[in-house]
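Shown next, in C-alpha cells, is the structure this report addresses.
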Amino acid sequence: MKWPFHIATHLDKTIQKAVLTLKEFDKEFTANVNPADPRFGEFQANGVLPFAKKRGRNPRELAIILVESLRNIFPETDLEMEIAGPGFINFHFKKDFYLDWLKHLQDQSSLKTAGTGPFRGKVVTMDFSSPNTAKQMHVGHIRSTVIGETLCRLLEFQGARTIRDNHVGDWGTQFGILIMAIRHFRMNLEADTPDALEQLEDIYRKGSALTREFPEQLEVARKELVKLQNGDEESLTLWDQINSISYKAFQEIYDRLGVHFDHVLGESFYRDKVEDVYRDLEKLGIAEQSEGALVVFHPEHPRFKKQPFIIRKSDGASNYATTDLATILYRIKEWSLDEIIYVTDGRQQDHFEQLFLTANKWFKQLPSIKKPILRHVWFGTILGEDGKAIKTRSGDPIKLKDLLTEAIDRARIIVEKKNPDLDTNECDKIARVVGLGAVKYADLSQNRTSDYTFSWEKMLSLEGNTAPYLLYAVVRIHSIFRKLSIRPGQGEENASSPESNEEKALARQLLLFPSALEQATTDLRPHFICTYLYELAGTFSTFYNANKVMVEDSRVRARRLLLCARTLTVLETGLKLLGIETLEKM
RNA sequence: GCGGGAGUAGCUCAGCUGGAUAGAGCAGCGGUUUUCUAAACCGCAGGUCGUGGGUUCGAGUCCCACCUCCCGUGCCA
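Going by my numbering, the first sequence opens with residue 7, and the numbers climb by one from there.
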C-alpha cells in the first residue's frame, strides 16, 4: 500500500468507503479524521460517537466493528489503530512508515505535485488590493493585498488557475472634489516629480476643506463627477493624469511586496457597461426607482427589503454597486470562471451580500450565463496600541510606503546588532526580507476576521509566532548543510527511521502539513498555515537543541539530515505560500 | 431598532462540522553554551473561557436571554 501526501483525507475516504460494506453503518456516517493530540497518535476519527448517538447504538461496539474491518485495509506494518474512551479511533503510525512517507517532501516541486488535486482545473478570480487612485495606499490596504496574494498562492498550489484582478477605484467620488479643486485653485499637475502623489493628496485635502467651508462647492464637485462620467474631454485628460501618477506609486508598493496582477481593470473600465446594467435590471424588474435613485430591494430578505442597494445615484452617477455588477458579468464572459473571491474589510459585508443577491437574481434570468460561486473574504481592522483603528499621531492614515520603509529600517538595526560581521549588501537583503516578512506575517498569522493590534516590537521579535522566528529556523538548517559543504537532500542515503523523541516529534509534525493546507484553504484563512509553521519551527528548535546533527554515527547523521532537509522544504514552501522570502544567513 | 464581529492567563493571540487534562508568545521567576547561528532551548507560575440558563455520555465550541466594546445600516468605497 502506498500512502498519499494527504493522509488524513486518505484515511477519511477509505473509511467512508469501507463503511458501506458494513450493515451497522450507512452513508450518513462521516469519519471525521483530524490531527490528534500527540498522546493518542497522529490522527483520530471521532465520527463514530455522533453517529452512534443518532442511531441509538453503543459507540464502542460500532467502533470495534469498524476497526476490525479496517484491519484488512490498512497494513499493520504502517499503523496501529486503537479504540479509546467512549469510541474515539486513534491512528498511530509506526516509525518505519515515516521514512517512506517523507519522500513526498523531497523538494518544493514534489511537494507541489503532491499537493495538487483538490482544485485541479478550477478557475478562480481573486479581487483584491483595490486601492483608490489619487490617494496613497495606506495601512488598510496591506491586509487585502497580502491576504489576497496568499490565497492565490494557496489555491494555485492545490491546482487552481487564479486570475488576479486589481479592481482599482478610479471612477469614484474623489474625482469630483479633485477636479473641482484643481480648477478652483488653477493648479497644474506635475506627473514627473517624486512627490506627485503627495501633491495630489494635498489638492484633495484643500478641495475637501473648501466643500466644508462653502457647501455650494460640494455641488460643483458633484457636477464635475457627472461631467467626467459623461465623457467630458478636458475632465478625462485630468483624470488620466491623476491615474498615471497613482499607478506609478502603486507599482512601487507591489514590487516591494512581490505582488503582481494579471489584470488591472479599474472601475472606469466598466463605465461603458453600466448602462446595460441599469437597463437589464430595470427590464427584468429587479431594480426600481426610489427617491430619485435606481435601487434594488430584496423583499425576501429581512433587512434588504428595506435597505436599498443603490445602483444609480439620484444625480445620475454610477457607484461601486453598479461597477461591481458590470464587473461580474464581464469576468464571467471573458474568463469562464468557477469562482470569484473578493478580499475586502468587514465593513463591506452588507454591500457584498446585496451584490451577490442581486447578481444571482440577474444571472438566473440570463440562461447563457454560468453562475460562478461568489465569496466575500473579509477581514478586521488593524488597531493601534490604543485599541483604536491605527493612525498617525496627527490622525492621518499611515502610508503603506512609510510602514514598509520603517519595517526594513527597524529590521536593519536589529540585524546589525545581532550579526555585526555581515557586509552591507547582505545586511540590506536580510533587513528587507526580515522587515517585509515581519509585516506580512503579522497580518497573515492573525485570524483574518478579528481586529488585531499592530506592534513593531512583537512582529520583529525572534520569540513567538513571528516571521523572524521562522526565518531563523530556516537559517539554522541552511547553516548545517553549509558547514558540511553539502546541499539539502544530500547525505541522507542511509537514513534510518526516527528514534529519539525529538526526531519522532519532528517527523510527526511534518506529516501534518497537508491538514494545515486543507484547513487554510477550506476557510480561506491563511493563519492556519502560520500556526502550523510556527509549531513546526518550534518542534525543529527543540530537536536542534537536543539532537546534534553533525555526529560521527553515519546512520544517525543521515536520518537527522533527512529530517532537516524535509523541515526546510516544508518551511520554505509554507513561507512561499505566504509570500515571504527566505534566507540562508541572518 | 436590525445585522456582523469580538469578549479565553496581567498583555497579545490560537483553539478545525461538540471530544479526551483549554494551549502558545510576551511580561515574572529559575535553569542551559569548550557542541551545527543562545536572534535559541528547558522548567516553574499564571484561567469561574463576559454573565445566567438550556441541550447531552461530553460545551470555550451548539441554543435562549442578558452585559460590554468595535463596525455597518439610501445616494463614500
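Ideal Cβ positions, reconstructed from N, Cα and C, are used throughout, including at glycine.
Per DSSP, the unbroken beta strand (DSSP E) holding Asn-96 starts and ends at 94-99. Selection Asn-366, Val-383, His-382 and Arg-381 evaluated against Ile-375 yields Asn-366 as nearest (Cα-Cα). In the three-state reduction of the DSSP assignment, Gly-352 falls in the helix class. Three or more beta-carbon pairs separated by less than 8 angstroms are not found between the stretch 302-316 and the stretch 134-141, which leaves the two stretches without contact.
DSSP, read as helix, strand or coil, puts Leu-372 in coil. The continuous beta strand (DSSP E) containing Arg-170 extends over residues 167-171. The beta carbon of Leu-111 lies closer than 7 angstroms to those of Leu-117, Leu-516, Arg-572, Thr-575 and Val-576 in the same chain, with the five residues before and after it left out. The C-alpha of Gly-393 is placed about 32 angstroms away from the C-alpha of Ala-479. Counted as a single uninterrupted DSSP element, the stretch harbouring Thr-472 is not any alpha helix (DSSP H), since DSSP gives it neither H nor E. Arg-353 is classed as exposed because its beta carbon has fewer than 16 other beta carbons within 10 Å across all chains shown. Under DSSP, Phe-315 forms a beta bridge with Val-302. Under DSSP, Pro-41 takes part in a beta bridge, and its partners are Phe-49. Counting along the chain, Ala-395 sits inside no alpha helix (DSSP H), nor does DSSP assign it H or E at all. The Cβ neighbour count for Ala-473, taken over all protein chains shown within 10 Å, is at least 16; the residue is labelled buried. Taking every protein chain shown into account, the CB of Phe-256 has 16 or more other CB atoms within 10 angstroms, so this residue is buried.
Counting of Cβ neighbours within 10 angstroms places Lys-446 among the buried residues, the total reaching 16 or more. Look at the stretch 57-83 and you find these whole runs of alpha helix (DSSP H), each 4 residues long or longer: 65-77. Here Ser-241 is not bridged, per DSSP, to any residue. The beta carbons of Glu-345 and Arg-318 sit no closer together than 8 angstroms. Its chain contains Ala-187 as the residues whose beta carbon lies nearer than 6 angstroms to that of Lys-212, once the 5 sequence neighbours on both sides are disregarded; these appear in chain order.
About 7 angstroms separates the CB atoms of Asp-351 and Thr-387; that is less than 8 angstroms, so the two are in contact.
Distance from the Cα of Glu-30 is smallest, within the candidate group Pro-10, Ala-14, Ser-467 and Glu-74, for Glu-74.
Residue nearest to His-533 within the set Leu-55, Thr-156 and His-147 is Thr-156 (criterion: CA-CA distance). Close CB contacts of Ala-522 within its chain, under the 6 angstroms cut and outside five residues either way in sequence, are with Phe-534, Ile-535 and Tyr-538 (chain order). Here the stretch 413-420 lies against the stretch 432-444, with 3 or more beta-carbon pairs under 8 angstroms apart.
Residue nearest to Thr-527 within the set Ile-153, Ile-483 and Asp-113 is Ile-153 (criterion: CA-CA distance). When the Cα atoms are used, Asp-198 and Lys-489 turn out to be separated by approximately 50 angstroms. Only residues of its own chain outside the window of five on either side were considered, and among them Ser-75 have a CB closer than 8 angstroms to the CB of Thr-27, listed in chain order. Between the stretch 225-243 and the stretch 175-183, the count of C-beta pairs closer than 8 angstroms reaches three or more; the two stretches touch. Here DSSP, grouped into helix, strand and coil, assigns Gln-452 to coil.
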